[in-house]
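Input: a single structure, listed below in structure tokens.
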Amino acid sequence: MAGSPTARRRRLSIELKKLRETNGFTCAQVGEALDWSGSKVNRMETGTGRVQPSDVDALCRFYNTDDELREFLKSLARQAKTKGWWQAHGNGIPAWFSIYIGLEQDISTFRQYQCEFLPGLMQTPAYAVELHRATNQMTEEDIQRAVKVRMERQAMLTRANAPDAWFVVHESTLCNIVGDRALMRDQLERVLASLELPSVTLQVLPFDAGSYPATGSFTLMGFPDPEDPDIVYRDGITDAIYLEGADDVREYTRAFDNLRAAAASPHRSVQLINSLLKEYSQ
Numbered sequence: 022m023a024g025s026p027t028a029r030r031r032r033l034s035i036e037l038k039k040l041r042e043t044n045g046f047t048c049a050q051v052g053e054a055l056d057w058s059g060s061k062v063n064r065m066e067t068g069t070g071r072v073q074p075s076d077v078d079a080l081c082r083f084y085n086t087d088d089e090l091r092e093f094l095k096s097l098a099r100q101a102k103t104k105g106w107w108q109a110h111g112n113g114i115p116a117w118f119s120i121y122i123g124l125e126q127d128i129s130t131f132r133q134y135q136c137e138f139l140p141g142l143m144q145t146p147a148y149a150v151e152l153h154r155a156t157n158q159m160t161e162e163d164i165q166r167a168v169k170v171r172m173e174r175q176a177m178l179t180r181a182n183a184p185d186a187w188f189v190v191h192e193s194t195l196c197n198i199v200g201d202r203a204l205m206r207d208q209l210e211r212v213l214a215s216l217e218l219p220s221v222t223l224q225v226l227p228f229d230a231g232s233y234p235a236t237g238s239f240t241l242m243g244f245p246d247p248e249d250p251d252i253v254y255r256d257g258i259t260d261a262i263y264l265e266g267a268d269d270v271r272e273y274t275r276a277f278d279n280l281r282a283a284a285a286s287p288h289r290s291v292q293l294i295n296s297l298l299k300e301y302s303q
């Protein structure tokens, strides 16, 4: 069963929608039968509203599920109400990004393309601070909270069940000097250290790669349970989008595979990073 509250909430939503569709009802029909609104049923199935164990019990009895499934779904509802460790950091974590962190805790595969800055899971505290300060929207206290969360997130790459993580970064992310050259030297050293982990692979998309199938950074998250579909994540300055449709996931997966094909090999990418590291060390 999925571990984080966010993942449990998502799994519960998936299961409730599956039950309704299997029984051949619309949201409006279920709502009418239980003296709810159809929109309430829809919110429960999309994860946009809180689901109480009592609501799950009512739905399961209406769908005539067995006791084992009913208790499992009620357990998901109870556990989905708990808070994740990252939520203790308050304003340092926007609500829309809190959802992402919750999902990230349970992934089994991680595919990310970065075209502006180096991946958050490989950043040093100093590099992350500079990026947050550039927004001019956070207090120093909130910046420190956000950076602490980012550093704690990096533990996922070293845990026993670390996800299979594959990164493609544009060469500009290595050349764009964040802070100063000394900071960039330390940052590239951190990237190289991350690449020593058995579950981590990185490729650099060089300036001379020609055209390639991407219009911005994105992340593909896969989950160990086949009942939990993959998710595409893209963020902006004030919000993010989460794409779960099979067609969307398929197209982004294809785009990532094409980016990998256009990028330098992992070995050549390490050589490129080492070459820039020497420049920053002079």
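If you're matching positions, the sequence shown starts at 22 in the numbering used here and goes up one per residue.
Note that beta-carbon positions come from the ideal geometry of N, C-alpha and C, so glycine has one too.
_Under 8 Å: do the region 57-77 and the region 33-48 share three or more Cβ pairs, one atom per stretch?_
yes
*Ignoring anything shorter than 3 residues or poking outside the region 183-220, list the beta strand (DSSP E) runs there in chain order.*
185-191
*Three-state secondary structure (DSSP) at M159?*
coil
*Classify D256 as helix, strand or coil using the three-state DSSP reduction.*
strand
_One or two residues paired with Q135 in a DSSP bridge_ = V190
*asked:* Only counting the same chain, and skipping five residues up and downstream in sequence, which positions put a Cβ closer than 8 Å to that of S220?
replied: L178, A183, P184, D185, A186
*Whole-number beta carbon distance between F83 and D256, since they are thought to touch under 8 Å*: Contact flag wrong, Cβ pair sits at about 38 Å.
*How about V170 and P146: do their beta carbons lie closer than 7 Å?*
no
*So does the region 83-100 actually touch the region 195-210, counting three or more Cβ pairs closer than 8 Å?*
Inter-segment contact for the region 83-100 and the region 195-210 is absent: fewer than three beta-carbon pairs are separated by less than 8 Å.
*Rounded to a whole number of angstroms, what is the C-alpha to C-alpha distance between V190 and C136?*
6 Å
*May I ask you to report which of helix, strand or coil DSSP gives L8?*
The displayed coordinates of the chain run from 22 to 303. Any statement about residue 8 would go beyond what the structure contains.
*From the DSSP output, which residues share a beta bridge with L241?*
R132, V253
*Round the Cβ separation of P26 and G123 to the nearest angstrom and send it over; I've been treating them as touching at under 8 Å.*
6 Å
*Classify Y263 as helix, strand or coil using the three-state DSSP reduction.*
strand
_Distance between beta carbons of E125 and R91, contact taken as under 8 Å_ = R91 to E125, Cβ: 30 Å. No contact.
_To the nearest angstrom, how far is the alpha carbon of T248 from that of S290?_
According to the sequence shown, residue 248 is Glu rather than Thr. Approximately 35 Å, taken between the alpha carbons.
_Since L226 and L280 should fall inside the 8 Å C-beta cutoff, what is the C-beta to C-beta distance between them, to a whole number of angstroms?_
6 Å
*asked:* Quick check on DSSP: helix, strand or coil for P247?
replied: coil
*C-alpha distance - S34 paired with A79, whole-angstrom precision*: 15 Å
*From P245 to V253, what distance separates their C-alpha atoms?*
16 Å
*Cβ atoms of R166 and L241: under 7 Å apart, would you say?*
In this structure, L241 keeps its C-beta atom at 7 Å or more from the C-beta atom of R166.
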